[in-house]
């Protein structure tokens, strides 16, 4: 945090996403997605209005105080420079949001690094994201499905579950495709800022997850089939091999356990292959 002075008033302002208040974080989450307006010169973004609105929230000023604020061109230039990081940097780690309420339902976000997520959570989330972010034919409503997959109400037996041998750190209901589809319809009216917080969180966490286990997928860093079906095919193939039981048990396996095991098996196989002599080496 640092202090900025305007006349007789001082303002404590954040120097990183981690230092923003939850409300500031929510209002400013759009900033990194705004493209620079290159024609307007270095440091200028899509519109002056975007920068001004971001500066006001960053300073913690009310709209009325901001409207009456008089700045010299030099002061405005300095202010723009000091809050430019909102547009040029991305948040890190989990956002300041563990739960949110929509239409009377309390939804819980997944833990950082997907530590409480199952294989089926990761598979369906990536399938929905592929639909939403498709470069040629994006599906906007797929974002609601992505949020419904990731964010679920707390299971009714969570206290009992915490004391059981099956406890995996996840208080959310188990993933259910039918309930997900129903909740996605309700989440269509969720405010855009909360949607963007969850989307940003997923994009960053998923990128790290895929980087961690990227060797499983080769250069593409994702399973086969560009429409996302490769994720389900991967789980079905694991079930065929019997590593974690049938398909239902594979789906419920902690994501990191499943993918770490697959990666370990792959590396073992590669090591055995490297040690196998070629035909010429036998003579």
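Residue numbers (the working numbering): 31 to 313.
We put the beta carbon where it would ideally sit given N, CA and C, even for glycine.
| Item | Value |
| --- | --- |
| Alpha carbon of residue 258 to alpha carbon of residue 236, nearest angstrom | 14 Å |
| Residue burial classification, residue 120 (beta-carbon count within 10 angstroms, cutoff 16) | exposed |
| Cβ pair count under 8 Å reaching 3, the region 237–248 against the region 292–299 | yes |
| Cβ-Cβ separation, residue 137 to residue 183 (assumed contact under 8 Å), whole Å | 6 Å |
| Distance, residue 223 Cα to residue 175 Cα | 16 Å |
| Euclidean distance between Cα positions of residue 298 and residue 272 | 18 Å |
| Residue span of the beta strand (DSSP E) that contains residue 42, given as start and end | 39–43 |
| Spatial distance of residue 266 from residue 97 (CA atoms) | 59 Å |
| Those residues which DSSP pairs with residue 34 across a bridge | 41 |
| Same chain, Cβ closer than 6 Å to residue 207, five either side skipped, listed in chain order | none |
| Between the CA atoms of residue 173 and residue 211 - distance to the nearest angstrom | 12 Å |
| Beta-carbon separation (whole angstroms), residue 117 vs residue 195, contact threshold 8 Å | The pair is not a contact, with the Cβ atoms about 48 Å apart (cut-off 8 Å). |
| Span separating the alpha-carbon of residue 109 from that of residue 49 | 18 Å |
| Continuous beta strand (DSSP E) stretch holding residue 150: start and end | Residue 150 -> not in any beta strand (DSSP E); alpha helix (DSSP H) instead, spanning 149–162. |
| Cutoff 7 Å; reference residue 70; Cβ partners in own chain excluding five residues on either side | Because the pLDDT of residue 70 is 49, which lies under 50, any placement of that residue in the model is unreliable, and the number read from its coordinates should be weighed accordingly. Hits under 7 Å: none found. |
| Distance, residue 163 Cα to residue 92 Cα | 35 Å |
| C-beta contact flag for residue 88 and residue 42 at 8 Å | no |
| Of the residues 274, 150, 264 and 131, the one placed nearest residue 205, counting alpha carbons only | 150 |
| Under 8 Å between C-beta atoms of residue 226 and residue 177 | no |
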